[in-house]
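**Student:**
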Amino acid sequence: MGFDRLHPSIQHHIVNSLGWRQLRPLQVDAVDPILDGVNCLLIAPTAGGKTEAAVLPVLSRMLDEGWDGLSVLYVCPLRALLNNLEARLSFYCTLVGRTCGLWHGDVGQASRSAILRNPPDILLTTPESLEAMLISHRTDRRFFFGSLRSVIIDEVHSFAGDDRGWHLLTLLERISDLAGCQPQRIGLSATIGNPKDILAWMTRNRSHDCVISPHADGPTKTTEVQLDYVGSVENAALVISRLNRGEKRLVFCDSRAQAEKVASLLRATGTVTFVNHSSLSVDERRQTERAFRESKDCVIVATSTLELGIDVGDLDRVLQIDAPATVASFLQRLGRTGRRANSHRNCLFLATHSESLIRAAALLRLWKEGFVEELLPPPAPYTVIAQQIMAIIRQDGGASRNFDDSTVLRATGEPTEITRQLITHMLESDLLFEDSGILGLGPAAERLYGAKHFMALASVFDTPLLCQVICGADNLGSVHPLSFAKFGQQPIIISLGGRAWEVTHLDRKRSIAHVVPIDALGKSRWLGESVPLSYRVCRAVRDILTGEEIDPMWSRRAVSEITTARSEIIVARAQATVVSSEPGTGQTKWWTFGGLKANAALAEMITREGGSVSAFDNYFVEFQGSSPVHTVKTLLEAIIPSQAEQLPTAATPSIKVKFWECLSANHQKDFIKARYVDIPQASAILSEPRFYSGNR
0 MGFDRLHPSI QHHIVNSLGW RQLRPLQVDA VDPILDGVNC LLIAPTAGGK TEAAVLPVLS
60 RMLDEGWDGL SVLYVCPLRA LLNNLEARLS FYCTLVGRTC GLWHGDVGQA SRSAILRNPP
120 DILLTTPESL EAMLISHRTD RRFFFGSLRS VIIDEVHSFA GDDRGWHLLT LLERISDLAG
180 CQPQRIGLSA TIGNPKDILA WMTRNRSHDC VISPHADGPT KTTEVQLDYV GSVENAALVI
240 SRLNRGEKRL VFCDSRAQAE KVASLLRATG TVTFVNHSSL SVDERRQTER AFRESKDCVI
300 VATSTLELGI DVGDLDRVLQ IDAPATVASF LQRLGRTGRR ANSHRNCLFL ATHSESLIRA
360 AALLRLWKEG FVEELLPPPA PYTVIAQQIM AIIRQDGGAS RNFDDSTVLR ATGEPTEITR
420 QLITHMLESD LLFEDSGILG LGPAAERLYG AKHFMALASV FDTPLLCQVI CGADNLGSVH
480 PLSFAKFGQQ PIIISLGGRA WEVTHLDRKR SIAHVVPIDA LGKSRWLGES VPLSYRVCRA
540 VRDILTGEEI DPMWSRRAVS EITTARSEII VARAQATVVS SEPGTGQTKW WTFGGLKANA
600 ALAEMITREG GSVSAFDNYF VEFQGSSPVH TVKTLLEAII PSQAEQLPTA ATPSIKVKFW
660 ECLSANHQKD FIKARYVDIP QASAILSEPR FYSGNR
């Protein structure tokens, strides 16, 4: 069936306007389920044709069934991705006499007003913009959303991993009530380890759904992956500048600061270099993406923003400086290559230090074993429920004390009692008020969220405080205020867009820095770039350190460095943990290789038993002061693994979560316990053999 079931107009334009000889396997497999109204999760690597696999059958339904008005929402996690998709989807719509619109935070008021007056057939948008429409008194909600028939969720794996996913699901339930039906849900995703679970989450366990995934992402004969050790960012830039000249290369960095440094170093070698990350302005990113698409012998340095489906043309090479945090992220990046006929997927890792080298080797080992992380929506979405209580009150101008939580219940699955408890706490905290049985937004909510017509309610995350960087009339992007710390440097020089800029005037009150270009290297700082590693990845790191195998993917330099690390390591034992006293410092550390969440749980257990923890990370738990090894041994032996499930989480970690004040102390503890500690893995670590080293 497949192609033959598509509307004749769609068939005609696929062959004659697009010039396609055939559909890709995913596109063929998706036709029948989508035309039958089935909820689908389409899985393929980046640039695997997922967008067309969803949009073309949906347009076919639109023509066959005579859909009018706004009938399709196309939801993306990034504005840049929406901007990138607009021209392509508008072209497809124009071919069949339909329209496509764009609505996000960078779209002007005039364009938004035009969309509200005359809705397009397909609207490209974000969850935050949907919420803004729903809580705005300017939107005729039932008119605008009343004809909705289908929702396409792009990069669904990006949503499912955090609270934006829960937010999106609650929005879709509210919009479904306005539409008077349950629109078809179509998710587009990169490779994940548990697609059926994510489909069930996306559709809220509704029947009549399917996963479509004709691709495999394991190693093949045509996949070229190599791991090299270069020892420094400077050396990495030198290697990149000399390798694969004449080709289009995408370099991934795992921090914006590192991306800026690499881009500056590459430009210094005369390499045509572009940079792309979320702190650049919209215009800067668009210019970068367009210039890169049109160039051939060049490099674009990017963060995870280019993991997603933003079109930067056909790539020849992908390079990774150091290592991403997950196998899934690596697969996203690897999938950027191999799009052209007779080309193959490839990735070169350039490790700048020993830890990232070992971590990259661990990720590649897991990949070869066929492992991909399971994607788990965050448990206990209490802050989202609190946000939805306030958003619905704002939308409807009030709500009954017996709050109708049917949309929240359908979206999150959390029991009604949670909503009732949150409302009680919010009333006690003046976030809500009650008058004659009607709930309204209280003075505390006005103070915390009331600015700009309660626009703070439109998102479930806080935008970090950043400083705008202006050169003349051009907005270059934004940096963290710490970038302007002098540290004896005069004048202040920062890096943005891979270029150095001298700060001529700093308006701290308005958070604006005026700059001029300068021929020098600068630094910029952003916060929040440290990523926790999973238990499985950390255990693979331990396996690399304690093993003896030499992988053919490792370069000679990588082999030499890993061999040296193995010979020097004293804190890693196969199938065991190690408690060791650090030479020189006297600090005692428990090397668990358990991941950040498991180590957080272990730190809590140690504290409960009377111990004192000074720090913990992905690999170890560090004890306060000069705790003798024998004292630590006695302490750890007193902790019973089976008691881990009763972990009270008495100590609240320093976390920043939007709408945190809407939760009672008990809900905050439950939230932390559910999200920030890994009790089952902590219990497993406690059950492992332990080795002790040190003289005390």
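For the sequence shown, numbering that gives the first Met the number 0 gives the first residue as 0, with consecutive numbering after it. We put the beta carbon where it would ideally sit given N, CA and C, even for glycine. Because the structure is a prediction, the values reported are computed rather than measured.
For Asp3, which three-state DSSP category applies?
**Tutor:** Here Asp3 sits in helix by DSSP.
**Student:** To test your reading of the DSSP string, which unbroken alpha helix (DSSP H) runs of 4 or more residues are found completely within the segment 264-329?
**Tutor:** Runs found: 281-293.
**Student:** Cβ of Ile239 within 8 Å of Cβ of Val311?
**Tutor:** Going by C-beta atoms, Ile239 is not nearer than 8 Å to Val311.
**Student:** Just list the alpha helix (DSSP H) runs in the segment 154-222, keeping only unbroken ones of 4 residues or longer that don't cross its boundaries, in chain order.
**Tutor:** Here the runs fully enclosed are 155-159, 162-178 and 194-202.
**Student:** Assign Phe690 to one of three DSSP states: helix, strand, or coil.
**Tutor:** If DSSP states are grouped into helix, strand and coil, Phe690 belongs with the strands.
**Student:** Going by C-alpha distance, which of Ser157, Gln574, Ser355 and Gly179 is nearest Leu187?
**Tutor:** Residue Ser157 is the option with its Cα nearest to Leu187.
**Student:** Just mark Lys451 as buried or exposed, buried being the case when its beta carbon has 16 or more other beta carbons within 10 Å.
**Tutor:** The residue is exposed, with fewer than 16 neighbouring Cβ atoms inside 10 Å.
**Student:** Are at least three pairs of beta-carbons, each pair with one atom in the segment 353-362 and one in the segment 542-560, less than 8 Å apart?
**Tutor:** Yes, the segment 353-362 touches the segment 542-560.
**Student:** Am I right that Thr382 and Val656 are in contact with their C-beta atoms under 8 Å? What's the rounded C-beta distance?
**Tutor:** The pair is a contact, with the Cβ atoms about 6 Å apart (cut-off 8 Å).
**Student:** Over what stretch of residues does the beta strand (DSSP E) that includes Asn617 continue unbroken?
**Tutor:** Note, Asn617: premise wrong, no beta strand (DSSP E); not H, not E.
**Student:** Looking only at DSSP bridge pairs, what is His504 linked to?
**Tutor:** Beta-bridge pairing links His504 to His513.
**Student:** Going by Cα to Cα distance, which pick from Ser613, Thr633 and Ser579 is closest to Phe690?
**Tutor:** Looking at the Cα atoms, Ser579 is the closest of the given residues.
**Student:** Using the DSSP secondary-structure output, state which residues sit across from Ser399 in a beta bridge.
**Tutor:** DSSP lists Ile437 as partners of Ser399.
**Student:** Nearest by alpha-carbon distance to Ser112: which of Phe90, Arg137, Leu363 and Ala131 is it?
**Tutor:** Checking every option, the nearest Cα to that of Ser112 belongs to Arg137.
**Student:** Please report the straight-line C-alpha distance between Leu426 and Ile114, rounded to a whole angstrom.
**Tutor:** Going by the C-alpha atoms only, they are around 37 Å apart.
**Student:** Alpha carbon to alpha carbon, how far is Val95 from Arg87? Give it in angstroms, no decimals.
**Tutor:** Roughly 13 Å separates the two Cα atoms.
**Student:** Ends of the beta strand (DSSP E) at Phe90?
**Tutor:** Note, Phe90: premise wrong, no beta strand (DSSP E); alpha helix (DSSP H) at Arg78 to Leu94.
**Student:** Measuring straight from C-alpha to C-alpha, what distance separates Ala262 and Leu249?
**Tutor:** Computed Cα separation, rounded: 11 Å.
**Student:** Grouping DSSP H, G and I as helix and E and B as strand, with all else coil, what is Ala379?
**Tutor:** Correct three-state label for Ala379: coil.
**Student:** Among Val612, Asp669 and Cys209, which residue has its Cα nearest to the Cα of Ile699?
**Tutor:** No answer is possible for residue 699: it lies beyond the span of the chain, which begins at 0 and ends at 695.
**Student:** Determine the extent of the beta strand (DSSP E) in which Val250 is found, giving its start and end residues.
**Tutor:** Looking at the DSSP string, the run of the beta strand (DSSP E) that includes Val250 is Lys247 to Phe251.
**Student:** Grab me the residues of Gly487's own chain with a C-beta within less than 7 Å of its C-beta, minus the 5 sequence neighbours each way, in chain order.
**Tutor:** The predicted position of Gly487 is uncertain, since its pLDDT is 42 and thus under 50; a value taken from the coordinates is nonetheless stated next. Result list for Gly487: empty, nothing under 7 Å.
**Student:** For my contact list, Leu601 and Ile684 are in at a C-beta cut-off of 8 Å; report their separation, rounded to the angstrom.
**Tutor:** At roughly 7 Å, the Cβ-Cβ gap stays under 8 Å, so Leu601 and Ile684 are in contact.
**Student:** Whole angstroms are fine: how far does the CA of Ile121 sit from the CA of Gly334?
**Tutor:** Each residue's Cα considered, the two are about 28 Å apart.
**Student:** Can Leu438 and Leu447 be called in contact, C-beta distance under 8 Å?
**Tutor:** Not closer than 8 Å, so no.
**Student:** If you reduce the DSSP assignment to three classes, tell me which class Asp120 lands in.
**Tutor:** The answer is coil: DSSP assigns Asp120 none of H, G, I, E or B.
**Student:** Name the residue from Arg244, Asp669, Val281 and Trp102 whose alpha carbon lies nearest to the alpha carbon of Val271.
**Tutor:** Val271 has its Cα closest to that of Arg244, out of Arg244, Asp669, Val281 and Trp102.
**Student:** Which whole-angstrom value is the C-beta distance of Asn474 and Glu288, which I expect to be below 8 Å?
**Tutor:** That pair is no contact at about 17 Å.
**Student:** How big is the Cα-Cα spacing for Gly192 and Ile152?
**Tutor:** The straight-line gap from Cα to Cα measures roughly 19 Å.
**Student:** Which partner residues of Phe348 appear in the DSSP bridge assignment?
**Tutor:** According to DSSP, Phe348 bridges with Leu226 and Gln319.
**Student:** Per the DSSP calculation, Gly476 is bridged to which residue(s)?
**Tutor:** Per DSSP, Leu279 and Val468.
**Student:** Thinking just about the alpha-carbon of each residue, which of Leu532, Ile491, Pro531 and Ser533 is nearest to the one in His513?
**Tutor:** With distances taken between Cα atoms, His513 lies closest to Ile491.
**Student:** Helix, strand or coil: which one does DSSP assign to Thr576?
**Tutor:** Correct three-state label for Thr576: strand.
**Student:** Under 8 Å between the Cβ atoms of Glu317 and Phe251?
**Tutor:** The sequence shown places Val at residue 317, not Glu. In this structure, Phe251 lies closer than 8 Å to Val317 by Cβ.
**Student:** State buried or exposed for Leu34, treating a residue as buried only when at least 16 other CB atoms are found within 10 Å of its CB.
**Tutor:** Leu34 should be labelled buried.
**Student:** Using the beta-carbon count (16 or more within 10 Å), is Asp139 buried or exposed?
**Tutor:** Asp139 comes out exposed.
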